[in-house]
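Report on the following structure.
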Amino acid sequence: EGPDTHGVYLDDLMSSAEVVGNVFYDLSGAAIFSGGGRDNNMSNNIIAGCGMGHYDGDYARNSINNIPGDPFNLLQRLASEGIQYQTGVWATAYPTCAAIPNSWTLVQEGLWRNPQGCIFSNNAGWANTTWTYETDVSGTGVFAAYASFTNNNPSQAPLFDEPTSWDRSLRPAEITAAITGFIPIPFASIGPSIPSPSSATMAPPVQTLQSLAVAETEVDLQWSDDGYLRMQQPTGFQVQQEISGTWQVVQSFGPDVDYAAVTGLAPDTSYTFRVQATNSVGSTYSSALTVTTLMAPLVPGTPVRFEAETPLNVLKSIGTKGAVSVIIPTLVSGKAVTLFDVGDAIRIYFTAPTTGTYQIGVRIRSGDSNVPIGTTYWPDGYAFNLDGSSIALTGDPTTVSALSLSLGPTYWGTMFSGNVSLTAGSHSVDIIAKRSWAAADYLQLAPMVEP
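Going by this note's numbering, the sequence shown opens with residue 33, and the numbers climb by one from there.
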C-alpha cells in the first residue's frame, strides 16, 4: 500500500518469482511490473486503486546481444562468472537457467527469451486505471507466451467501503456483505499513518543534461529525469536554447520524458541548451550544455586540368613495347602519353592556388578487351606518387568512356584520390604503369567545398 511507483518489480530474465496471495493498493504505477522474465507465478492477488494491475514488456528478448563487453552479453556474462549452468548442481537446481542455449546462433532462435511459463491467473481487482498492459518491442508477443492467463476478474466489486482518511485509527473497515467467521481488523491498535503528500511540496531536483549523439544538423539530448517522490516529482520538462543571450523554448514535454532530438541545426555550429523541470511548486534548471554540430561532408568544386604532355616529364621509359611518347588517340582531350611497358613513369606538375583540401583526379586508360569491360586497369594497373610519396586513387566506373579503337580496344576513365591537404604552390603527381599498354591523358585538381 502507498504511493510507490510499482509494487513488485520482477527481473528481466529468468526471474522465476512467486507473487501469490498479496494485496496491492493505491500504487501510482503497476502492482506487478515485469521486464520479460520467465516462469513467474502471479496468482491469487488482490489489486485495487493502482495505476496498472500487471505490466510486462519483452525487454529481455530485445536487450540480449553478443557485443563483447556489453552488460547484456548473456553468454559472456555466464562464462566470465564461472557458472556451469548446464551441468551438475546448477542444472539440477535451476533447470530454467540450464535451458539457455550455449551458442549465440541458438540464443536468437525460438521464443525461449519471451516470458514463457509465466502465470497471471485468479487475480481480482477494482478501481485500477488499467488492468493489464504489454510492451511488445520485438513483435513476438508478451502475454501470448504465458503458460496461463485465465480466471482474472479486473472488475470485482469490493466488499467494504473505505473512507478517504489515511488515519487507520479512525478507519474501521465497513463490511457490506455478511461473511461467516470474519474478524474485524483492529485498526485502532495499529495507530495512525502519515500520508504521502497528494501534490508536490518541493521544486523538482536539478536535472543532469548530456548529449547522446551529434550529427551535422541534429543533437540528441538526454536528462536524468530525477524526482520520483511525489513531493518533488516534475510534471513537465522544457528543452531551452540560448539565442543571443536569451533562453528560448525549443521543445516541451510532459512528465516521465528524458530525451529530445533537436533537429534543423546548422553544420559546424555551437549551440547551448539547458533543461527546465517544473511542478506546481516551481522550476529548476540544469547546467548549460554547449554542443558543436559536425561539419558537413565536403564535395569537389570546379576542377582545373593539367595535361600529361604539357610539358612531358619522363621519369622512366623502358622502351620494349615503345618509348614513352605523346599520341593523339580518340576520346581524349587532345593528346595523351603512352606508358606501354610496366615501369614506364611520367610526372605531371600542377599548382594549388591556396592552402586547403583538394581532390586529385587522373584520366588514364581504364580498360581493354578483357573482362571486366572498361575497368581491367583498376585497381592495379597504375601506381601514383604525390610529391614523392605513394598515394591511393580509386577508379570511378561512372567516368568510363565509350569504346575507342585508336590503341586497340580501349576505354578511358578517371581515378580519384580522397581528400588531400595541399599548401599553396607547386606540386607533382607521378603516374607509373603497373600493366602493359597503359596511357595517361591529364590530371585534374578540384578544391573540396561545403555543399
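The C-beta atom is built at its ideal place from N, Cα and C for all residues, glycine as well.
Does the Cβ of residue i have 16 or more other Cβ atoms within 10 Å, making it buried, or fewer, making it exposed?
i    : result
Y260 : exposed
I99  : exposed
P483 : exposed
E493 : Because residue 493 is not part of the residues shown, which for the chain are 33 to 483, the question remains open.
E206 : Because the pLDDT of E206 is 48, which lies under 50, any placement of that residue in the model is unreliable, and the number read from its coordinates should be weighed accordingly. Flag for E206 reads exposed.
P266 : buried
L241 : buried
P329 : exposed
E50  : exposed
L253 : buried
Q391 : buried
Q140 : exposed
D400 : buried
R395 : buried
Ignore the nearest five residues each way along the sequence and tell me which others in residue i's own chain have a CB closer than 7 Å to its CB.
i    : result
V313 : A232, T233, M234 and A235
T182 : S153
D258 : P237 and Q239
V346 : V356 and I378
Can you give me the C-alpha to C-alpha distance between residue i and residue j, rounded to a whole angstrom?
i    : j    : result
W144 : I132 : 8 Å
V52  : T167 : 23 Å
V169 : M480 : 44 Å
L477 : P332 : 9 Å
P204 : G81  : Any reading at P204 is ruled out, since the residue's pLDDT is 43, under 50, leaving its predicted position unreliable.
G157 : R93  : 29 Å
G420 : S458 : 13 Å
S75  : H86  : 11 Å
Y91  : P404 : 49 Å
Y57  : L42  : 18 Å
Pick helix, strand or coil for residue i, following the three-state DSSP scheme.
i    : result
Q264 : helix
A177 : helix
Y165 : strand
P332 : strand
R467 : coil
W144 : coil
G157 : strand
P94  : According to the sequence displayed, residue 94 carries Asn and not Pro. The answer is helix: DSSP assigns N94 an H, G or I state.
Going by alpha carbons, who is nearest to residue i out of the options?
i    : options                   : result
S276 : V346, F305 and E482       : F305
L454 : P385, T430 and S422       : P385
S180 : F152, A159, A156 and T172 : F152
P186 : G171, T161, A176 and S170 : T161
V432 : T407, F416 and A456       : T407
E274 : Y291, A189, Q308 and V246 : Q308
V289 : G450, E50 and F269        : F269
F175 : T310, R70 and A159        : R70
T316 : T389, V40, W255 and W444  : W255
Ignore the nearest five residues each way along the sequence and tell me which others in residue i's own chain have a CB closer than 6 Å to its CB.
i    : result
A368 : I359, P361, A471 and D473
N155 : N77 and N184
T387 : T455 and A456
H38  : G61, A62 and F65
L439 : P361
G83  : S60, G61 and T161
Below 8 Å CB to CB, which residues in the same chain sit around residue i once its five sequence neighbours on both sides are set aside?
i    : result
L326 : V246, A247, E248, P299 and D300
A465 : L371, F372, D373, V374, G375, D376, A377, G413 and Y414
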